[in-house]
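Colleague:
There are 2 protein chains.
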Amino acid sequence: MIHAFSGGVGGARLSRGLADELVGEDLTIVVNTGDDFDHLGLRIMPDFDSVVYGIAGWNDTVRGWGRAEETWQCRDALAEFGVDTWFSLGDKDLALHLLRLSLLESGATFTEAAAEIVHRMGINCRVVPMTDHPVETIVITDNGDLSFQDYFVRMRCEPRVTAFRLAGVERAAPSAAWFDPLTGGDTRGVVLCPSNPFVSIGPILGLPGVEAALRRSAAPVIAVSPIVAGDAVKGPLAKMLRELGQPVTPLAIFAHYGDLLDGFVLDVRDEIFAPQLRERGVRVAVCDTLMSDREASRRVARACLALLSECDDHAG
Amino acid sequence: MIHAFSGGVGGARLSRGLADELVGEDLTIVVNTGDDFDHLGLRIMPDFDSVVYGIAGWNDTVRGWGRAEETWQCRDALAEFGVDTWFSLGDKDLALHLLRLSLLESGATFTEAAAEIVHRMGINCRVVPMTDHPVETIVITDNGDLSFQDYFVRMRCEPRVTAFRLAGVERAAPSAAWFDPLTGGDTRGVVLCPSNPFVSIGPILGLPGVEAALRRSAAPVIAVSPIVAGDAVKGPLAKMLRELGQPVTPLAIFAHYGDLLDGFVLDVRDEIFAPQLRERGVRVAVCDTLMSDREASRRVARACLALLSECDDHAG
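Those protein sequences? They're chains B and Z, same order as listed.
Here this note's numbering is used: position 240 in the first sequence is 240, and no number is missing along the way.
Here this note's numbering is used: position 287 in the second sequence is 603, and no number is missing along the way.
(1) If you follow the alpha helix (DSSP H) that I371 of chain Z is in, where does it begin and where does it stop?
(2) Measuring straight from C-alpha to C-alpha, what distance separates Q562 of chain Z and F580 of chain Z?
(3) Taking only beta-carbon positions, decide if V127 of chain B is within less than 8 Å of chain Z.
(4) Using a Cβ cut-off of 7 Å, which residues of the stretch 387-413 of chain Z contact any Cβ in chain B, in chain order?
(5) Show which residues of chain B have a CB atom less than 7 Å away from the CB atom of S625 of chain Z.
(6) Residues of chain Z with CB under 9 Å from L40 of chain B, in chain order?
(7) Please classify H314 of chain B as buried or exposed, where buried requires at least 16 other C-beta atoms within 10 Å of its C-beta.
(8) Residues bridged to R599 of chain Z by DSSP?
(9) With three or more beta-carbon pairs closer than 8 Å as the criterion, would you say the stretch 118-125 of chain B touches the stretch 64-77 of chain B?
(10) My output table needs one value for T387 of chain Z: the three-state DSSP class, helix, strand or coil.
(11) Measure the C-alpha to C-alpha separation of I290 of chain Z and K550 of chain Z and round it to an integer number of angstroms.
(12) If T457 of chain Z sits next to R476 of chain Z, beta carbons under 8 Å apart, how far is it from one beta carbon to the other, in whole angstroms?
(13) Rounded to whole angstroms, how far is the Cβ of P197 of chain B from the Cβ of N32 of chain B, which I believe are closer than 8 Å?
(14) Can you name the residues of chain Z whose CB is closer than 9 Å to the CB of R120 of chain B?
(15) Among the residues of its own chain, which have a CB less than 8 Å from the CB of A213 of chain B, if the five just before and after it don't count?
(16) In the DSSP assignment, the beta strand (DSSP E) including H39 of chain B goes from what residue to what residue?
(17) Cutting at 8 Å between CB atoms, please list the residues of its own chain near C627 of chain Z, excluding the five before and the five after it.
(18) Could you tell me whether the Cβ atoms of H449 of chain Z and A489 of chain Z are closer together than 8 Å?
(19) Would you mind stating whether V368 of chain Z and V451 of chain Z have Cβ atoms separated by less than 8 Å?
(20) Please give the ranges of any beta strand (DSSP E) in the stretch 86-172 of chain B, keeping only runs that are unbroken, at least 3 residues long and fully inside the region.
(21) Identify which residue in B:E158, B:R13 and B:L244 has its Cα closest to the Cα of S50 of chain B.
(22) Which partner residues does D547 of chain Z have in the DSSP bridge list?
(23) Assuming F164 of chain B and V199 of chain B are in contact, meaning their beta carbons sit under 8 Å apart, how far apart are those beta carbons, in whole angstroms?
(24) Ordered along the chain, which non-local residues of its own chain (more than five positions away) have a Cβ less than 7 Å from that of E243 of chain B?
(25) Can you tell me which of the three DSSP states F637 of chain Z falls into?
(26) Please state whether DSSP places S491 of chain Z in a helix, a strand or coil.
(27) Might you give, ordered along the chain, the residues of its own chain that have their beta carbon closer than 6 Å to the beta carbon of V169 of chain B, omitting 5 neighbours on each side?
(28) Considering I569 of chain Z, what are the terminal residues of the alpha helix (DSSP H) in which it resides?
(29) Return yes when the Cβ of E421 of chain Z is within less than 8 Å of the Cβ of G41 of chain B, no when it is not.
(30) Drop a sphere of 10 angstroms on the beta-carbon of V9 of chain B, count the other beta-carbons inside from all chains shown, and report buried for 16 or more, exposed for fewer.
(31) Round the Cβ separation of F254 of chain B and L237 of chain B to the nearest angstrom and send it over; I've been treating them as touching at under 8 Å.
(32) With a threshold of 16 other CB atoms inside 10 Å of the CB of R269 of chain B, please say whether the residue is buried or exposed.
(33) Quick one: is I272 of chain B buried, meaning 16 or more other Cβ sit within 10 Å of its Cβ, or exposed?
(34) Does S292 of chain B come out as helix, strand or coil in the three-state DSSP assignment?
Okay, structure coming up:
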């Protein structure tokens, strides 16, 4: 089994590549739930939905979230009722939310609901929420403590970030659907997708026992850099790094994950950092990490799988 | 205050007329909830929604339910997930259901959620669910006992009806928002809308204390015939009457309500029944009861208000 830890867009793209490359094999995508929240009585799971839409090819690649060829009749009708529509749900996207609502109402856990959704979408790998417990990523800013969606959607990432907090994480057991195989030695490698290390991968690594399990595991752990040529491919990561006084380079990402990593996938535009990374004791693969289409996602997935094999050979 | 008891389409049309005629006065529409059910985690309230859409002029007059200029993106996307879409929710219609969901999730009763919806729609009268308790209209047929939606939507009213049952009615207190003013003497008349007497008005009259309160009240009670020229204007009422061995005439409606009534509004096509009704001790008004547009609804509403005054004068 391969485990991939994922946030939203970038993780979804690599997840699709991994799912394409690992057909018939055992792939488990572990998805951040720190951004999840309740809205109009629906459970909103932005990263999970980005990943399953991405793997199924239903995602809107221009907008970067939600479904392609979306319509907005319901949102506009909600606005007529005077409902604050700061968070938009498209008409097609609502179908997934209603399916989830009906599963949760009938007593399913987030993990069980996810499995049913994945099954109904015909997705050929596991996509598992990191935990069934509520964890809320709080962005600590000079505008106060903000929930991730407040920071990201309402305030457009404008407040200056000083730190992060994961409310509820200390009581949030990792979902057994992915953690049992990981701790049981059933994984041959873990890929940290090119997602935000603070607010996407950070919550998964922050769950009780996860970092220790990764260190104990014989399986290699690799990361794909979400920083390319001095900027984040998507989202507020570059701005966050600057506000935290860190360089906007792959080295900052490596420093964040530290000695958890056995390997690092660097973008070809950042090859200059390869020697410094190798000096720090990780194996480095270099490739074009921009996943602009399905084939590009497969290319990065192949680089990840090759690097995992290389780490494994070296360890063996 | 005027009280009107209403089911779906016919009641919605008369409700709109009453709301137009009674601007600035006190009108309370009491709506059947016996057809309500849970679907995909949403609370479906067909009659309530027909009434508020009808009063606001948002209803689809051709289809007979839901909103005008509706789209079906979400329903089609649900079908792609393999969700059984026997019960269709349009994209615009979903907005009302999500608003209701969010109100109910935040602890509102059905009555409180209804008041908020009515307020947000800018409706100038009260529209109150008959009760906050679950009541389920069961249609007893030669195909077994069916919930109303199963009978009406899934089985297209095809099974032969032998009787009706109101599951839970004995524990279902009428909502105080309409029952307190009724019992407190604050009503000057009650209109039973041209809705199905068995499955629309029947559940309201079947709530504990309602019939007794109507009999005790000094305010007159009148009904508008849902049977015109030997057929029901809408829905399975004519078929039900035949299967129950009753004539498809206003006399069967009168017989059903019996001595609860002080007045009866007869369609002009059925004027022939006026003498027989008068013999039975009710005041009769005759008018064109087909409410094909807004002005027609006002016309029937005026006939109702005039008949209530006539009953009142006579009693005084």
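Where a beta carbon is used, it is the ideal one built from N, C-alpha and C, also for glycine.
Note that the structure is predicted; figures quoted are calculated from it, not measured.
Modeller: Reading off the structure:
(1) P362 to A372
(2) 19 Å
(3) no
(4) T387, Q389, C390, A393, L394, F397, G398, V399, D407, K408, L410 and A411
(5) Chain B residues near S625 of chain Z: none, gap ~37 Å exceeds 7 Å.
(6) L414, L415, L417, S418 and E421
(7) exposed
(8) Z:G579
(9) no
(10) coil
(11) The shown model of chain Z, from 317 to 632, leaves out residue 290 of chain Z, and the question about it has no answer.
(12) 6 Å
(13) About 11 Å; that fails the 8 Å criterion.
(14) E396, F397, G398 and V399
(15) F179, L182 and T183
(16) F37 to H39
(17) G505, P536, I538, D578, G579 and R599
(18) yes
(19) no
(20) 126-129, 136-141, 144-147 and 161-167
(21) B:R13
(22) Z:V544
(23) 6 Å
(24) R160 and V161
(25) Residue coverage of chain Z in this structure runs from 317 to 632, which leaves residue 637 of chain Z outside it and unanswerable.
(26) coil
(27) V135 and G206
(28) P566 to Y573
(29) yes
(30) buried
(31) Between L237 of chain B and F254 of chain B the Cβ distance is about 14 Å, and since that is not below 8 Å, they are no contact.
(32) exposed
(33) exposed
(34) coil
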